[in-house]
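Take a look at the structure below.
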């Protein structure tokens with residue numbers, strides 16, 4: 171069974187989304203299907219087609235979230251060893267070219283939010299940082315060109 175690493179905050183956000191989909195979105199969509207069905211001929215009923223398409227999306231997302239929550243391995247960033255960068259590490263890096271420093275929390279794709287300083291371990295920078303130690307440098311190919319970062323600290 172695949173274990174999916176996630177922080178407590180990420181777990182709670184997925185749980186909240188799942189609850190919303192089950193208790194709000196799904197019932198609203200069921201009503202939309204009933205209303206569209208009441209309009210008669212389903213073969214040329216765009217409203218019905220749209221509601222059925224949304225139903226398919228909702229059921230897919232509910233299944234995906236249920237799987238992720240059922241296989242989640244909650245990791246507390248405060249308990250992660252600070253010897254090298256790994257999932258749930260809080261890492262300070264310096265853009266070697268500009269001298270700018272950034273602090274990031276390495277998280278899973280569902281939790282990534284650059285505005286909050288959370289980068290996915292599967293992003294170009296996140297994956298390049300995994301396994302690095304303070305003093306190590308890594309170069310990534312970013313949309314704006316090649317960038318080199320130095321790991322300053324793991325906090």
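Residue numbers (my numbering): 171 to 325. Glycine included, each C-beta is placed from N, C-alpha and C at the ideal position.
Checklist entry - With distances taken between CB atoms, is the gap from residue 216 to residue 202 smaller than 8 Å? => result no
Please check the pair residue 273 and residue 260, which I expect to be a contact at CB under 8 Å, by giving their CB distance rounded to whole angstroms. 7 Å
Kindly indicate which residue of 213, 185, 227 has the alpha-carbon position closest to the one of residue 236.
185
- request: Have a look at the DSSP bridge pairing and note the partners of residue 277.
  value: 290
heavy atom of the ligand HEM below 7 Å from residue 208 C-beta:
The ligand content of the structure shown is nil, which means the ligand HEM is not present either.
- Rounded Cβ spacing between residue 181 and residue 258 (contact assumed at less than 8 Å): Incorrect: roughly 12 Å between the Cβ atoms, too far for contact.
Report task. List the endpoints of the continuous alpha helix (DSSP H) containing residue 247. Result -> Per DSSP, residue 247 belongs to no alpha helix (DSSP H) and is neither H nor E.
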